[in-house]
Amino acid sequence: MVFVGIMFVAYLPISSFMFFLKNDAFGGYFPSKFFISEALHSNDFPWWNPYINFGLPQYGDMNSGFYSPFTWIFASLFTYNAYTFTAELLLYLILAGVGMYQLCRSFKFTKTVSYIAGFSFMCSGYMVGHLQHFNWISGAAFLPWCLWGYNQLINNFSLKNNIVCALIFYLFLSSAHPGMIIGAIYFFAAYIIFFFLNKKKEEQQSFRAKSFIKKNAWMIGLLLLISIGMIVGYSDIVPFITRGKKIDNLDAIVNPFNLQSLISLLTPMATMKADGFFKTDISMRNFYFGITLLMFFVFALKQQKNNFQKFFLFAGIFFLLLSLGGITKYIFYNTLPLIGFVRLPGEFMVFVILCFILFAAFSLNKFIIEKSSPEEFHFKVFNWTKIILMGLLAIGIIGIIITQKSIIFNGLGIFSYPGLTGKLKFIVDHISIFDALILQGFIQLGFLNSVRTHVKRRTYKELIKVCAVEMIVITLFNVPFTGAGQASVSEVQAALHKSPAGIPNPYDLPVYRNSHDETQNYTKVLGNWSFYNKQIGSEVKADYPVELNTSKIVFKDSISVFSYKPYLFCTNDSLIEKLKVNSFKSSMIDITVYTKDVDTLVYQQNIYPYWKCIINGENVNPIAYAGVFNAVKLSPGKNNVKFFF
Numbered sequence: 002m003v004f005v006g007i008m009f010v011a012y013l014p015i016s017s018f019m020f021f022l023k024n025d026a027f028g029g030y031f032p033s034k035f036f037i038s039e040a041l042h043s044n045d046f047p048w049w050n051p052y053i054n055f056g057l058p059q060y061g062d063m064n065s066g067f068y069s070p071f072t073w074i075f076a077s078l079f080t081y082n083a084y085t086f087t088a089e090l091l092l093y094l095i096l097a098g099v100g101m102y103q104l105c106r107s108f109k110f111t112k113t114v115s116y117i118a119g120f121s122f123m124c125s126g127y128m129v130g131h132l133q134h135f136n137w138i139s140g141a142a143f144l145p146w147c148l149w150g151y152n153q154l155i156n157n158f159s160l161k162n163n164i165v166c167a168l169i170f171y172l173f174l175s176s177a178h179p180g181m182i183i184g185a186i187y188f189f190a191a192y193i194i195f196f197f198l199n200k201k202k203e204e205q206q207s208f209r210a211k212s213f214i215k216k217n218a219w220m221i222g223l224l225l226l227i228s229i230g231m232i233v234g235y236s237d238i239v240p241f242i243t244r245g246k247k248i249d250n251l252d253a254i255v256n257p258f259n260l261q262s263l264i265s266l267l268t269p270m271a272t273m274k275a276d277g278f279f280k281t282d283i284s285m286r287n288f289y290f291g292i293t294l295l296m297f298f299v300f301a302l303k304q305q306k307n308n309f310q311k312f313f314l315f316a317g318i319f320f321l322l323l324s325l326g327g328i329t330k331y332i333f334y335n336t337l338p339l340i341g342f343v344r345l346p347g348e349f350m351v352f353v354i355l356c357f358i359l360f361a362a363f364s365l366n367k368f369i370i371e372k373s374s375p376e377e378f379h380f381k382v383f384n385w386t387k388i389i390l391m392g393l394l395a396i397g398i399i400g401i402i403i404t405q406k407s408i409i410f411n412g413l414g415i416f417s418y419p420g421l422t423g424k425l426k427f428i429v430d431h432i433s434i435f436d437a438l439i440l441q442g443f444i445q446l447g448f449l450n451s452v453r454t455h456v457k458r459r460t461y462k463e464l465i466k467v468c469a470v471e472m473i474v475i476t477l478f479n480v481p482f483t484g485a486g487q488a489s490v491s492e493v494q495a496a497l498h499k500s501p502a503g504i505p506n507p508y509d510l511p512v513y514r515n516s517h518d519e520t521q522n523y524t525k526v527l528g529n530w531s532f533y534n535k536q537i538g539s540e541v542k543a544d545y546p547v548e549l550n551t552s553k554i555v556f557k558d559s560i561s562v563f564s565y566k567p568y569l570f571c572t573n574d575s576l577i578e579k580l581k582v583n584s585f586k587s588s589m590i591d592i593t594v595y596t597k598d599v600d601t602l603v604y605q606q607n608i609y610p611y612w613k614c615i616i617n618g619e620n621v622n623p624i625a626y627a628g629v630f631n632a633v634k635l636s637p638g639k640n641n642v643k644f645f646f
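Per my numbering, numbering of the sequence shown is gapless, rising by one per residue and ending at 646.
Structure representation (structure tokens):
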């Protein structure tokens, strides 16, 4: 309940449903979940999604959470809408915080350390920065749980722990973005090797290498068994999608976490502006994980470190280099397997924050348990941090004087914007990096002094409270920039209500007529309306993370090559009254069609393996009309045709 409360307040613009999750959340992640839910409640299994750019296999969509139990729970029990989608994301934030707390307790950390680490991870810059990237958050939520489960497995092997560990890893794999899964392969492979060497060193006489290998083999075997559907599904689609190959042009690898963004360790709000200075997407710049753990991270660098600290430090540095882009991009992407498939290096920052929080948490725990003298820590680390913050304050003041870029000079304009939403938008639009340095610099100095006082006095309950308030305040400052859209969740839901219920029969209209002028208002909050209008086909290509190779042919110059035709047409005789749709489901259509002569019936759905057809009771394989769409040859007279996937 502590984590629920802090999450609710820290992410208040989202948790109150006052603002919706912006950009990619509803444009790239919600459509597939919405379709799965609509299909299930129409007694239709969602193997194939007919609405996204003339169709794609839903089971191969790595952004949809198709294999995640959470997706099926929300889709079947509640149905997906703007509210349940937001609630699911908030649930992952809670799981992230509780998971980090539980992991720290498994390392025998005090509750003080565990709470602080949990708050720091749940409200870290990665979580705040990527609220719109749904499966980045859901994947990150299970990372500390995976470490916890693995620790339980190796330290206390049993059938129960084996099953629990495999299930937790499955939850991660089925929820995470592919780039995060690639990073996890490296991280956990290194952790298993480290654990093996550490156990061998510590236990010596009692250590049995075969026993250790068997424990891992049992878990990995069980994980592969329960993941077989996901493995087959993803492997199936990879040859047919545009992102199924390694990136050849390394210049296409964009949006790293760069060195300029290190300023976010102290003043993350400053990274929300000055795009020209940071030269990377706003979501990739935030490295914040709390002033307390940052202080103990720096302090720990000069301390004697245990083996776990050494692992987390070096693992964090490795992933930090992997995240930087620049020259490291050309080194790692050409030498390390699988890394060349990841377009956004900043995604790996989740491992950096996870490792650095744990590295610092070991130091803080040692400080509390051993009751170390705070004098060295007190005078050096805190004072240097204070000097840096005061320097950033000075930069902010000088920057305003020189550039005149500040909300101070046009602050009165806020009164011309109606409502709370309008006023918040004004602030977000007009605040400058110099304003942010000054505002957050002063606030951070206050938190720094408070942390310093409670560390010195060893008043750890108060320290927990200070850390909680700090993470809440910093998160609230950053969410409006990276997570909250201008519209409310109710407005998004109102637009979603315009979508027809269930899986209806598509209209017998040319594809270009599926888009109407009034849908522009829905597009502003939901992304491309073709995902929701329950019609087959879109005149203009819709941006979506998963794109079949056939889309390059379908959308010539971004316009559908057959947009002037309805979704079903005959090549010789396109009179639509001669076609009758007997039944329609997402993966099946049953048609009766009359033709005078030999003709070809075209179903504007991307050709893909596993599409089958029955004509007058006879099984036939569809042909690829124009190389892209399902089609079959028809004999003169009445034909009963059934396409099914």
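Don't be surprised by glycine CBs; every beta carbon is placed ideally from N, CA and C.
All of these numbers come straight from a predicted model, not from anything done at the bench.
| Query | Result |
| --- | --- |
| CB of P338 within 8 Å of CB of L325, strictly | no |
| Residues of its chain near S65, where Cβ-Cβ distance is below 6 Å and the 5 sequence neighbours each way are ignored | S33 |
| Classification of Y1 by the beta-carbon crowding that lies within 10 angstroms, buried from 16 upward | No information on residue 1 is available, as it lies outside the stretch 2 to 646 that the chain covers here. |
| Whole alpha helix (DSSP H) elements within the segment 220-298, 4-residue minimum | 229-238, 276-279 |
| Closest residue to A632 among K23, V603, I590 (Cα-Cα distance) | V603 |
| Beta-carbon gap between L144 and I15 smaller than 8 Å | no |
| Helix, strand or coil at D45 according to DSSP, with G and I counted as helix | coil |
| Supposed contact pair M285 and G258 - C-beta distance, whole angstroms, cut 8 Å | Checking the sequence, you will find Phe at residue 258 rather than Gly. Right, their Cβ atoms sit about 5 Å apart. |
| Cβ shell of S552 (< 7 Å), same chain only, five flanking positions each side left out | N54, K542 |
| In chain order, each alpha helix (DSSP H) run of at least 4 residues that lies wholly inside the segment 327-401 | 327-336, 350-370 |
| Close-in-space but distant-in-sequence residues of the same chain around I264 (CB under 8 Å, 5 per side omitted) | A271, T272, L393 |
| Buried/exposed call for I432, threshold 16 Cβ in 10 Å | buried |
| Candidates Q606, L464, P567, of which the one nearest K586 by Cα | Q606 |
| Runs of alpha helix (DSSP H) wholly within the segment 405-471 (minimum 4 residues, chain order) | 420-431, 434-458 |
| Own chain partners of S38 with C-beta closer than 7 Å, once the 5 adjacent residues on each side are dropped | A76, T80, Y81 |
| 7 Å CB neighbourhood of E471 in its chain, flanking five on each side removed | G291, I292, F448 |
| Sub-8 Å separation of N534 and N515 beta-carbons | yes |
| 7 Å Cβ shell around F86 - same chain, five flanking residues per side excluded | F31, K34 |
| Alpha-carbon spacing of Q310 relative to A118, whole angstroms | 15 Å |
| Status (buried if at least 16 other CB within 10 Å, exposed otherwise) for V526 | buried |
| At least three beta-carbon pairs within less than 8 Å, the segment 89-103 to the segment 111-129 | yes |
| Outcome for V642 when other beta-carbon atoms lying within 10 angstroms are tallied against a minimum of 16 | buried |
| 6 Å Cβ shell around Y68 - same chain, five flanking residues per side excluded | S175, M231 |
| Proximal residues to N152 (C-beta, below 8 Å), its chain only, five neighbours per side dropped | L104, S107, F108 |
| The segment 448-463 touching the segment 419-427, judged by at least three CB pairs closer than 8 Å | no |
| Residue from Y609, G6, T72 with nearest C-alpha to E89 | T72 |
| Reference I616, options A625, S636, I608, closest by Cα | S636 |
| Option nearest S559 by Cα separation, candidates E548, P567, F208 | E548 |
| Inter-residue spacing [alpha-carbon to alpha-carbon] between S125 and I328 | 27 Å |
| I7 and I473 closer than 8 Å at C-beta | yes |
| Buried/exposed call for P70, threshold 16 Cβ in 10 Å | exposed |
| C-beta atoms of A362 and F110 nearer than 8 Å | yes |
| Cβ-Cβ distance between P269 and N479 below 8 Å | yes |
| Given T386 as reference, the closest of E204, L267, G618 once Cα atoms are compared | L267 |
| First and last residue of the uninterrupted beta strand (DSSP E) at T601 | 600-607 |
| Contact set for P546: own chain, Cβ-Cβ below 6 Å, skip 5 residues either direction | G29, N64 |
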